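Step one of this worksheet: look at the structure below.
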Ligand code: ATR
């Protein structure tokens, strides 16, 4: 069978990429290329290992080569804020850029991560954040975006826990400045929680322990537990949460929705969510998973 025109990389092919370090395990190429194929777009998405010291040049290079857009992943999201021509309101608000669109306006930086958290929590855990009591673990880049977004969504109470408490204090201070009415505290809560959200990197290695100290907060007091980690599919935290009877979900939905929004920003077309989710599951878990 002759390859259809859209299967061929030719002079009309539009390019997108993810820049990261390390980036070798990124599932974004599988997700985005599946979406391009589903919509018969002659577009391709590749992963580029970019050292932080070369990020500015890499972004300028992609712009000069007429790339359609790029994603940024660890450790580039904060650095890129100062490397774009225009900051979309989303990037200004969350202080991080994970998506760049190249157009006549130059390079515009967006943040599609923050909305993806809310969409995934609603879709995968049926958690509505307004009025919810939330314990957030982690105060790095992902934790900071999550904490600010949770405050913006009007959670009733937000507890921040981090190995280095000063970083959680810093975020709590920022939340109080941006959202003066927010009820935010550093440390483990005494009361029951609607949601425990892990934004630490503890759990990425299969032998990692849970980031939650169950002596200070028992999972029996949580209704739902979300782990931003999606590889492995079940971290020690999620396994313990299931045991305790909590509703659980991993971060696959967040990865999906940040990518879907980026796809829409670049192509102007609705993202084929089912196709993208299937591609992620196959790429990450090696086959369909319920
Ligand atoms: P990301 O961009 O994924 O958020 P990061 O900014 O490096 O990455 O943040 C990593 C988060 O995981 C931090 O909250 C970190 O805690 P510290 O602020 O104390 O460094 C947390 N973390 C990483 N390794 C950890 C470990 N072994 N135990 C507990 N927390 C850990």
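In our numbering, the protein residues as written are 4 to 293. Idealized CB from N, CA, C, for every residue including glycine. Nothing here was measured: the structure is a model prediction, and the numbers come from that model.
Original post:
If you draw a straight line from the C-alpha of residue 185 to the C-alpha of residue 176, how long is it?
Top reply: So the alpha carbons of these two residues sit roughly 11 Å apart.
Need the endpoints of the beta strand (DSSP E) that residue 216 sits in, please. Per DSSP, residue 216 belongs to no beta strand (DSSP E) and is neither H nor E.
Take residue 234 as the anchor and find which of 210, 226 and 218 has the nearest alpha-carbon.
Measuring from the Cα of residue 234, the nearest candidate turns out to be 210.
inquiry  = Please determine whether the Cβ atom of residue 209 lies at a distance below 7 Å from any heavy atom of ligand 1.
reply    = Not under cutoff, so the answer is no.
**Item:** Burial state of residue 207 (16 or more Cβ within 10 Å)
**Value:** Burial call: exposed.
Notebook entry, point to check: Once you ignore the five residues that flank residue 259 on each side, which residues in its own chain have a CB closer than 8 Å to its CB?
Noted result: Here residue 259 has 34, 119, 123, 276, 279, 280 and 283 as same chain residues with Cβ atoms under 8 Å from its own Cβ, once five neighbours each way along the sequence are excluded.
Residues around ligand 1, please: the ones whose beta-carbon is closer than 7 Å to some heavy atom of it, in chain order.
Those residues are 77, 141, 142, 143, 144, 145, 146, 165, 166, 167, 170, 202, 203, 204, 205 and 214, given in chain order.
field: Among 287, 289 and 257, the one whose alpha carbon lies nearest that of residue 127
entry: Measuring from the Cα of residue 127, the nearest candidate turns out to be 257.
Worksheet item: With 16 as the cutoff for other CB atoms within 10 Å, does residue 219 come out buried or exposed?
Response: Classification of residue 219: exposed, given that the 10 Å Cβ count is below 16.
Would you report the Cα separation of residue 169 and residue 43, rounded to the nearest angstrom? When rounded, the distance between both Cα atoms is 49 Å.
Nearest candidate by alpha-carbon position, reference residue 16, set 23, 22 and 40: The shortest Cα separation from residue 16 among 23, 22 and 40 belongs to 40.
Can you look up residue 64 in the DSSP assignment and give me helix, strand or coil?
In this structure, residue 64 counts as helix in the three-state DSSP scheme.
* Asked: So the alpha helix (DSSP H) residue 266 belongs to, where does it begin and stop?
  -> For residue 266, the enclosing alpha helix (DSSP H) has its first and last residue at 255–270.
Assess contact between the stretch 131–142 and the stretch 96–114, defined as three or more Cβ pairs (one per stretch) separated by less than 8 Å. Is contact present? Cβ pair count under 8 Å is below three, so no.
Next on the checklist: Just to confirm, is the Cβ distance from residue 79 to residue 146 under 8 Å?
Outcome noted: The answer is no: Cβ separation not under 8 Å.
Residue 148: first and last residue of the uninterrupted alpha helix (DSSP H) it sits in: First-last of the alpha helix (DSSP H) with residue 148: 144–155.
Provide the residue span of the alpha helix (DSSP H) that contains residue 29, from first to last.
Unbroken run through residue 29: none, as it is neither H nor E.
**Prompt:** Around the Cβ of residue 12, are there at least 16 other Cβ atoms within 10 angstroms (buried) or fewer (exposed)?
**Reply:** Counting Cβ neighbours within 10 Å, residue 12 comes out exposed, since fewer than 16 surround it.
Whole-angstrom C-beta distance between residue 159 and residue 134, which should lie under 8 Å: That belief holds up - the Cβ atoms of residue 134 and residue 159 are roughly 5 Å apart, short of 8 Å.
According to the Cβ coordinates, are residue 121 and residue 152 closer than 8 Å?
When the beta-carbon positions are compared, residue 121 and residue 152 come within less than 8 Å of each other.
### Task
State the DSSP-derived secondary structure class of residue 191, mapped to helix, strand or coil.
Residue 191: coil per DSSP, three-state reduction.
- Message: Looking at ligand 3, does it come within less than 7 Å of residue 102, judged from the CB to the closest heavy atom?
- Response: Ligands displayed in this structure: ligand 1; ligand 3 is not among them.
What do you get for residue 161, buried or exposed, if any count of 16 or more other CB atoms within 10 angstroms of its CB means buried? With 16 or more other Cβ atoms within 10 Å, it is buried.
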